[in-house]
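K.L.:
Got a structure for you, written out below as structure tokens; questions coming shortly.
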Amino acid sequence: SVVRVGALSGPNLAKEILAGQPTATVIASQFEEVIKIGQDKLSGDRFYVFGSNDIKSAEFAGVFKNIIALGSGLLAGKGMGKNMQAMLITRGLREMIIFGKFLGAKRRAFLGTAGIGDLIATATSELSRNFTFGKRLGLGETMNEILGSMDEVVEGVRTLKIAMLLLKKYQLQAPITFVMYKIVFENFDVDKAISYLMRYPYANDVDFI
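In my numbering, the protein residues as written are 10 to 218.
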């Protein structure tokens with residue numbers, strides 16, 4: 010028998026949803042039946058449910074956005090303003106698409122609710138585990154200190170290891186991922202990392218669409 014599965018992805022910070030605040034999500038599945046059931050069961054006045062047949066792309070967008078949330082939190086911990094945060098999130102979306110395309114995902118999903126929507130929520134809110142981890146790192150705590158005090162999994166830390174393997178093996182252009190790995194696992198100086206990013210030779214602003 011065929012097991013029909015789907016994925017739920019979007020700007021879905023649990024505490025905001027439980028508080029009754031409005032948001033949207035994406036149910037992605039190869040099976041229309043799964044999408045329809047999900048929309049019928051979950052749609053409401055404060056929960057808008059989009060459907061997508063591209064489960065792979067939605068999943069990859071959800072995975073790689075966690076790395077960028079770590080970086081955004083790090084900037085907050087270092088006292089950086091919204092200009093730098095906006096730059097990092099924008100450049101981070103580019104890296105999400107680069108990794109996703111390499112793994113067979115389609116760009117379209119990264120530009121919607123399951124992509125940039127999830128990215129903005131996760132990379133700007135202290136309700137996000139990954140943002141919080143990055144912020145505490147920026148305030149001077151070590152990776153082990155932070156992880157030892159958190160009950161929940163910080164997905165971005167695990168994702169960094171996998172992304173770094175891909176980056177090195179296939180020479181992918183992902184400078185944010187590169188410096189975040191070095192900061193988290195090799196105690197690389199944050200100010201030097203920021204200088205590296207500010208000097209990175211990007212060919213164009215929008216070179217990922």
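Backbone N, C-alpha and C define an ideal beta-carbon position, used for all residues, glycine too.
(1) Which residues in the same chain as R100 place their Cβ atom closer than 7 Å to its Cβ, once the five residues preceding and following it in sequence are excluded?
(2) Exposed or buried, what is T141 when buried is set at 16 or more other beta-carbons lying within 10 Å of its beta-carbon?
(3) Using three-state DSSP, classify T131 as helix, strand or coil.
(4) Taking the alpha-carbon positions, what's the D63 to A118 distance?
(5) Taking just the CA atoms, how far does K201 sit from S38?
(6) Any idea what DSSP makes of F56, helix, strand or coil?
(7) Determine the closest residue to T122 out of E135, I36 and R103, with distance taken between C-alpha atoms.
(8) Give the C-beta separation of T34 and F69 to the nearest angstrom, bearing in mind that I take them to be a contact with Cβ-Cβ under 8 Å.
(9) Considering only residues of the same chain and omitting the five flanking positions on each side of L112, which have a CB-CB separation below 7 Å?
(10) Might you give, ordered along the chain, the residues of its own chain that have their beta carbon closer than 7 Å to the beta carbon of G80, omitting 5 neighbours on each side?
(11) Note down the Cα distance separating M207 from I107, rounded to an integer number of angstroms.
(12) Taking 8 Å as the threshold, find out whether the segment 42-58 comes into contact with the segment 149-168 through three or more Cβ pairs.
(13) Which of the three DSSP states, helix, strand or coil, is assigned to L176?
(14) Would you check if the distance between the CB atom of F83 and the CB atom of M93 is smaller than 8 Å?
(15) Go ahead and pull the three-state DSSP assignment for V12.
(16) Do A130 and K65 have their CB atoms nearer than 8 Å?
(17) From the DSSP output, which residues share a beta bridge with I2?
(18) From the DSSP secondary-structure annotation, give me the bridge partner or partners of A37.
(19) Among all the DSSP beta bridges, which residues are the ones paired with T32?
P.N.:
According to the data block:
(1) As a first step, residue 100 is located in the sequence shown; it is residue number 91 there, counting from the start. These residues qualify, in order along the chain: I185.
(2) Locating residue 141 in the sequence shown gives position 132, where the first residue counts as 1. Buried, by the Cβ-count rule.
(3) For the purposes of this step, residue 131 is identified with residue 122 of the sequence shown, where counting begins at 1. Correct three-state label for T131: helix.
(4) Translated into positions along the sequence shown, residue 63 becomes position 54. Translated into positions along the sequence shown, residue 118 becomes position 109. For D63 and A118, the distance between alpha carbons rounds to 8 Å.
(5) Translated into the one-based positions of the sequence shown, residue 38 becomes position 29. Translated into the one-based positions of the sequence shown, residue 201 becomes position 192. Approximately 42 Å, taken between the alpha carbons.
(6) Taking the first residue of the sequence shown as 1, we reach residue 56 at position 47. Of the three classes helix, strand and coil, the one that applies to F56 here is strand, per DSSP.
(7) Stepping through the sequence shown from its first residue, residue 122 is reached at position 113. If we check each option's Cα against that of T122, I36 comes out closest.
(8) Indexing the sequence shown from 1 puts residue 34 at position 25. Indexing the sequence shown from 1 puts residue 69 at position 60. T34 to F69, Cβ: 17 Å. No contact.
(9) Within the sequence shown, residue 112 is the residue found at index 103, counting from 1. Result list for L112: F69, in chain order.
(10) Sequence index remark: in the sequence shown, residue 80 carries index 71 (1-based). Taken in chain order, the residues that qualify are L97, G101, G143, I185 and M189.
(11) Taking the first residue of the sequence shown as position 1, residue 207 is located at position 198. Taking the first residue of the sequence shown as position 1, residue 107 is located at position 98. When rounded, the distance between both Cα atoms is 19 Å.
(12) no
(13) Start at 1 with the first residue of the sequence shown, and residue 176 comes out as number 167. The answer is helix: DSSP assigns L176 an H, G or I state.
(14) As a first step, residue 83 must be located in the sequence shown, where it is residue number 74. As a first step, residue 93 must be located in the sequence shown, where it is residue number 84. Residue identity check: residue 83 is Leu in the sequence provided, not Phe. No, these two residues do not count as a Cβ contact at 8 Å.
(15) Taking the sequence shown and counting its residues from 1, one reaches residue 12 at position 3. Coil.
(16) Counting from 1 along the sequence shown, the entry for residue 130 is found at position 121. Counting from 1 along the sequence shown, the entry for residue 65 is found at position 56. In this structure, K65 does not lie closer than 8 Å to A130 by Cβ.
(17) The question about residue 2 has no answer, for the chain in this structure spans 10 to 218.
(18) One-based indexing of the sequence shown puts residue 37 at position 28. DSSP lists A16 and S61 as partners of A37.
(19) As a first step, residue 32 is located in the sequence shown; it is residue number 23 there, counting from the start. T32 is bridged to F56.
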